[in-house]
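Participant: Numbering (our numbering), first residue to last: 73 to 450.
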């Protein structure tokens with residue numbers, strides 16, 4: 073973390089329809105993973121800053137809830153058009169701060185846009201149901217009503233797609249939103265907030281607060297927040313779930329996974345090798361469904377390892393803005409963490425058949441690089 077004080081840009085919160093620097097003096101660094109250079113600073117919210125965002129969202133809720141479904145859908149359609157028109161710009165932002173190659177970033181934006189398009193159908197999605205005569209003189213009907221202020225805590229690996237899993241539906245359903253994106257690649261959140269404003273979304277319906285555990289814990293316990301959605305590591309997901317449910321909130325907390333691929337003796341080995349490499353090294357392995365362990369059933373194990381290594385050696389590591397197949401890891405700390413896994417594997421006696429340490433990239437001496445790495449006999 074840094075206190076700022078240099079000439080780099082400062083990314084602020086977005087509260088009540090406009091940028092807001094807040095009261096905290098704490099700042100974080102945002103890196104270009106391909107060079108290791110700090111490109112901007114991001115404000116870290118205090119508890120008071122979170123309170124301001126919640127107050128804005130709560131003030132906007134009654135009017136937005138009372139807005140007709142047809143009017144809400146109009147705003148969603150305008151947001152969809154702006155999102156689509158700016159897709160290349162958003163993908164560039166993602167590559168610049170996350171490091172994933174441009175094709176992966178474009179794919180992420182496309183997947184997020186799909187949810188926005190789904191949310192445009194909100195007049196049909198919010199239809200209730202009615203059952204007549206379920207018992208003597210008893211009819212049953214159901215209605216769908218907004219919760220109020222919905223908090224979203226999203227991870228670094230998909231700074232546009234994962235928030236889009238939640239906020240288009242939440243906004244369309246009549247809720248107001250506070251998004252707390254990852255401090256590692258926070259600019260996509262502000263970009264989307266600006267598009268909401270241009271689409272005509274009333275001030276306070278969509279807010280962004282940046283920061284760390286201070287902001288998260290205040291959102292989890294704030295009495296003005298009605299629901300919390302989280303995606304991230306399992307230990308943090310457990311903390312989010314236990315803390316927010318104890319405060320009486322509705323919570324969906326999605327944790328991490330250890331994804332295995334099982335290859336049986338009758339498998340198409342070339343197809344299996346292609347699938348393992350694509351699933352394991354796409355987006356530098358920084359995605360929830362990345363394959364990290366392949367279980368090969370004899371007698372195909374040795375052949376499969378050879379073909380996986382053969383394919384992994386051809387992966388070009390480099391700046392995501394160029395023609396590389398695989399970009400850097402998101403931060404130096406994250407790169408060092410993964411390097412620790414490599415060291416741990418060697419210490420445990422596994423055979424390192426492809427060593428990605430020390431990957432050299434032209435013009436990227438300070439970047440957070442780690443090439444494809446494969447262990448055998450784990």
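Cβ coordinates follow ideal geometry from the N, Cα and C atoms, glycine included.
(1) Going by alpha carbons, who is nearest to residue 197 out of 216, 182, 180?
(2) Under three-state DSSP, which class holds residue 205?
(3) Considering only DSSP beta bridges, list what residue 315 is partnered with.
(4) Who are the Cβ neighbours of residue 263 in its own chain at under 7 Å, not counting the five residues just before and after it?
(5) Leaving out five residues on either side along the sequence, give the residues of the same chain with a beta carbon under 6 Å from the beta carbon of residue 355.
(6) Decide if residue 503 is buried, meaning its Cβ has at least 16 other Cβ atoms within 10 Å, or exposed.
(7) Tell whether a beta-carbon distance below 9 Å holds between residue 226 and residue 151.
(8) How would you label residue 252, buried or exposed, when you count the other beta carbons within 10 angstroms and need 16 or more for buried?
(9) With a threshold of 8 Å, are at least 3 pairs of Cβ atoms found where one atom belongs to the segment 392-409 and the other to the segment 363-374?
(10) Take the Cβ of residue 449 as the centre, count every other Cβ of all protein chains shown within 10 Å, and call the residue buried at 16 or more, exposed below.
(11) Use the C-beta contact count for residue 213: other C-beta atoms within 10 angstroms, 16 or more gives buried, fewer gives exposed.
(12) Can you round the beta-carbon distance between residue 259 and residue 83 to whole angstroms, since I take them to be within the 8 Å contact cut?
(13) Helix, strand or coil for residue 361, going by three-state DSSP, please let me know.
(14) What residues match up with residue 451 in a beta bridge as DSSP calls it?
(15) Look at the Cβ atom of residue 246, then the Cβ atom of residue 296, and state whether they are nearer than 9 Å.
(16) Quick one: give me the first and last residue of the beta strand (DSSP E) that residue 325 is part of.
(17) Where does residue 170 fall in DSSP's three states?
(18) Anyone know if the C-beta pair for residue 222 and residue 299 falls short of 9 Å?
(19) When the Cα atoms are used, what is the spatial distance from residue 347 to residue 416?
(20) Find the nearest neighbour of residue 436 within the set 107, 178, 204, judged by alpha-carbon distance.
(21) Does the segment 262-278 come into contact with the segment 186-195, if we say contact requires no fewer than three beta-carbon pairs (one atom in each stretch) closer than 8 Å?
(22) Please say whether residue 363 and residue 352 have beta carbons closer to each other than 9 Å?
(23) Please report the distance separating the alpha-carbon of residue 331 from that of residue 422.
(24) To which residues does DSSP link residue 248 through a beta bridge?
(25) Take the Cβ of residue 128 as the centre, count every other Cβ of all protein chains shown within 10 Å, and call the residue buried at 16 or more, exposed below.
(26) Spell out the partners DSSP gives residue 331 in its beta bridges.
(27) Let's see if you can read the secondary structure: which residues bound the beta strand (DSSP E) around residue 279?
(28) Report back the beta-carbon spacing between residue 85 and residue 311 to the nearest angstrom; my notes put them in contact at under 8 Å.
(29) If you follow the alpha helix (DSSP H) that residue 151 is in, where does it begin and where does it stop?
(30) To the nearest angstrom, report how far apart residue 234 and residue 184 are at their CA atoms.
Facilitator: Straight from the coordinates:
(1) 216
(2) strand
(3) Note: residue 315 sits in no beta bridge, so no partner.
(4) 162, 165
(5) 172, 176
(6) Only positions 73 to 450 of the chain appear in this structure, which leaves residue 503 out of reach.
(7) no
(8) buried
(9) no
(10) exposed
(11) exposed
(12) 6 Å
(13) coil
(14) Past the boundaries of the shown model lies residue 451; the chain is included only from 73 to 450, so the question cannot be answered.
(15) no
(16) 322-326
(17) helix
(18) yes
(19) 26 Å
(20) 107
(21) no
(22) yes
(23) 19 Å
(24) 221
(25) buried
(26) 363
(27) 278-280
(28) Their Cβ separation, rounded to whole angstroms, is 23 Å, which puts residue 85 and residue 311 out of contact at 8 Å.
(29) 141-157
(30) 7 Å
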